[in-house]
Amino acid sequence: MLGALRPSGARRSWWLREALASESGDLAAATPPLSGSITADVVVIGGGYTGLWTAWRLTELAPGVRIVVLEADICGGGPSGRNGGFVTGWWDELPTLVERHGSDGALAIARAIDGTVDKVGTWCDAHGVDAWYTKAGSLSVSAAPAQDGLGEAAVDACRALGVADEFVAMSPKEVRARVASPVFRGGIFMRGAATVQPAILARGLRRVLLERGVTIHEGTTAVELDGERPGLLGAVGAAGRRAPAGRAGRPVRVRTSSALGGGEVIARSAVVGLSAWAAAWPSFGRRLVTWSSYIVLTEPIPDRLEELGWTGGEGVADGRFTLHYLRTTPDGRIALGGGGGRAGFGGKIGPGFTDDLFSVERAAAGLRRLFPSLRDVRIEDAWGGPIDITSDHLPVFASLPGRPIHYGHGYSGNGVAPSVLGGRILAALALERADDPALALPLVGVVPRAFPPEPLRYLGARVVREAIVRTELAEERGERPSSLLRQLSRLPRRLGYHLGPE
Ligand SMILES: Cc1cc2nc3c(=O)[nH]c(=O)nc-3n(C[C@H](O)[C@H](O)[C@H](O)COP(=O)(O)OP(=O)(O)OC[C@H]3O[C@@H](n4cnc5c(N)ncnc54)[C@H](O)[C@@H]3O)c2cc1C
27 MLGALRPSGA
37 RRSWWLREAL
47 ASESGDLAAA
57 TPPLSGSITA
67 DVVVIGGGYT
77 GLWTAWRLTE
87 LAPGVRIVVL
97 EADICGGGPS
107 GRNGGFVTGW
117 WDELPTLVER
127 HGSDGALAIA
137 RAIDGTVDKV
147 GTWCDAHGVD
157 AWYTKAGSLS
167 VSAAPAQDGL
177 GEAAVDACRA
187 LGVADEFVAM
197 SPKEVRARVA
207 SPVFRGGIFM
217 RGAATVQPAI
227 LARGLRRVLL
237 ERGVTIHEGT
247 TAVELDGERP
257 GLLGAVGAAG
267 RRAPAGRAGR
277 PVRVRTSSAL
287 GGGEVIARSA
297 VVGLSAWAAA
307 WPSFGRRLVT
317 WSSYIVLTEP
327 IPDRLEELGW
337 TGGEGVADGR
347 FTLHYLRTTP
357 DGRIALGGGG
367 GRAGFGGKIG
377 PGFTDDLFSV
387 ERAAAGLRRL
397 FPSLRDVRIE
407 DAWGGPIDIT
417 SDHLPVFASL
427 PGRPIHYGHG
437 YSGNGVAPSV
447 LGGRILAALA
457 LERADDPALA
467 LPLVGVVPRA
477 FPPEPLRYLG
487 ARVVREAIVR
497 TELAEERGER
507 PSSLLRQLSR
517 LPRRLGYHLG
527 PE
C-alpha cells in the first residue's frame, strides 16, 4: 500500500503544492526576505493562521496601521499548510471549559469558537478564496470497546447548558449509515464543523493581506525578540529567566536573519504566532510540549467512497487520545492523520517532524484498520508537522508581563478554527482595544501550567506518549495493556495535567 512512498519532508505537503501551483509569479515575488532596518506599528512573527488572521483583523480594526509579517519559511509552510483541514468547534471541550471558567464563561467561549467555523466560510466567499470549504459536520466515533463512552461527558454538558443539538450521540447504525467502517461503533456528531483545503486558506490569507498593503517578509527568521533568543539552552533555562522587562512606551525590537543577511524591525508592539517553534523561546518554552502528527493521502477512490456511503463530506475522528482524523477531498481521496508521532526536544523542530517514515507507517496502519476493504488502495502522499501542546490542551492568548508582546499558541492539534478567534484577540491586544468583546472572553490571559524543564519535558513526553500509543494499539487488538503501560499513560492526569486518558 505504501510502496516506495516517503514523507514529503521539506518538499511541502500535497495541500501546499496544490495551492502554490495555482499562484501567480507576481505574488511569489511580493514577499522578499528582509534586509536592513524597518519600522512598523505591529510586527507579527509567524506566517501561519495565527499571524495571518491577526494581521487581517488589524487591517479591519485600524486601516492604515503599518503591519509587518515575518515568516522563516513561506506563509503556510508550517502546520497551517499541512493540517487535516478540520474546522471544528469546542463543544467536545465543554466539560474542561466549565471546570475552568464556569458555565457562562464556557458557553461564551464555545459559542465564540463555533462562530469562527462559519467565519472561515464567509471570509473565503468574500475574498474569492476557494479553499473547498464544506460544512458537513464531524463525527467522533468509537473504534474499539475501550473507546466507548468517550465524549459522553461533553454530550451531557451540552444538554445541561441548553445546547444539546451541537453535540449529539449517534447509535452504531447511524454512524455506519454515514461511514461504513466495520470497526465503528457508537459516535457523536458535531453539526457545526467544516473542512477546508488548509494550504489554500493560508495562501489565500497571504494574498488578501498583500492586497491590503501588509508587508510580508518570507524567508526571514526572527532570531531575537526584545533581547530574548531561542535555543535549546534557552528552553532549559526558561524556569527562572526572562528577558529584561520593558519600559512603558519603549518599542519592541526584533532582529532577523535571512539569505540577505541580518535585519531588524522596530515596532510599537509585537504579536508572536509561532506554534511549536515557540517552545524554543525562553518566555514560552516551559508551557509547551511538541509532538509530530503525520497524514497519509490516498489516490482518488470516489467509487470506493460510495461503497462506504461516505459521500457527505463529514470529517471523522476516532476515540483515541492519539487520535486518527480522516476526511475526504472533492476528487474522492481520503486524508488520514494520526497523532502517533514523536516528541520534540527543547523546541527544536527538526526532520523528525517531517521525515519520519515510522510515523507515516503508523498512520497508514490506522487507515488499514479502520477500512480493511481499502487495503489495495495506493497511498500517494504523506507528510507531517509539529503540534504545540499545552498542559490543559487549550491554546493560550496572552501578553508578556510589562511588554507590548502578545502571543497565541498551544492549539494542541486543533487550531484551524480557534486561530481565527486568536487573531481577533491578538489584534485587539496589539492595538490596546480594551473594549473589544473578544478580550472579555475568560480564556484571554489564562496561562497554562508549566511542564518540567528539559530534558525532563522531552523524556516525559516521549515515554508517556509512546505508552499511550501502545496502550491504545493493544486495546484496539482486544488485548489488555500491561499495568506499566496503563500507569504511564495515566501519569499526566495523576500529575494534574489535562492530558492523556483519564
Ligand atoms: C499534521 C497536522 C494536522 C493537523 N490537523 C488539524 C486539523 O485538522 N484541524 C485543526 O484545527 N488543527 C489541525 N492541526 C493544528 C493546526 O494546523 C495548527 O494549530 C495551526 O496551523 C497553528 O497555526 P499557527 O499560525 O499558530 O502556527 P503555524 O502554522 O505553525 O505557523 C507558525 C509559523 O512560524 C514560522 N516560524 C517559526 N519560527 C520562526 C521565526 N523564528 N521567525 C519567523 N517565523 C518563524 C514557521 O515557519 C510557521 O510557518 C494539525 C497540525 C498538524 C501538524
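Residue 27 is where the sequence shown starts when you use our numbering, and the numbers rise one by one after that.
Using N, Cα and C, we set each Cβ at its ideal position, and we do this for glycine too.
Query	Result
F193 beta carbon less than 7 Å from that of W117	yes
DSSP bridge partner residues for E290 (one or two, in chain order)	S63, R281
Three CB pairs or more closer than 8 Å across the stretch 327 to 336 and the stretch 272 to 289	no
Whole-angstrom distance between V167 and L482, CA atom to CA atom	34 Å
Cβ-based burial, A66 [other Cβ within 10 Å; buried from 16]	buried
Bridge partner(s) assigned by DSSP for T80	Beta-bridge pairing links T80 to no other residue.
Proximal residues to R232 (C-beta, below 6 Å), its chain only, five neighbours per side dropped	C101
For T324, the residue or residues it bridges with in DSSP	I405
Outcome for T416 when other beta-carbon atoms lying within 10 angstroms are tallied against a minimum of 16	buried
8 Å contact criterion, which L60 and G289 should meet: CB distance rounded	4 Å
Exposed unless 16 or more other CB atoms sit within 10 angstroms - verdict on V473	exposed
Presumed contact (8 Å Cβ cut-off) between A361 and V386, rounded CB distance	Incorrect: roughly 13 Å between the Cβ atoms, too far for contact.
Length-filtered (4 minimum) alpha helix (DSSP H) runs lying within the stretch 147 to 222	178 to 186, 198 to 204
Any 3 or more C-beta pairs closer than 8 Å across the stretch 310 to 322 and the stretch 170 to 189	no
L485 versus P308 - alpha carbon distance	19 Å
Pair within 7 Å by beta-carbon distance, G218 and D140	yes
Beta-carbon proximity list for A305, same chain, < 6 Å, skipping 5 on both sides	G311, L314, T316, G373
Enclosing alpha helix (DSSP H) for D52 [first to last residue]	51 to 55
Proximity to H350 [Cα-Cα], best of Y523, V322, A98	V322
V70 beta carbon less than 7 Å from that of V95	yes
A98 (DSSP reduced to helix, strand or coil)	coil
Beta-bridge partners of T316, as assigned by DSSP	D414
Through-space distance from V446 to W79, alpha-carbon basis	6 Å
Proximity test, G21 beta-carbon vs ligand 1 heavy atom, cut-off 6 Å	As displayed, the chain neither begins before 27 nor continues past 528, which places residue 21 out of reach and without an answer.
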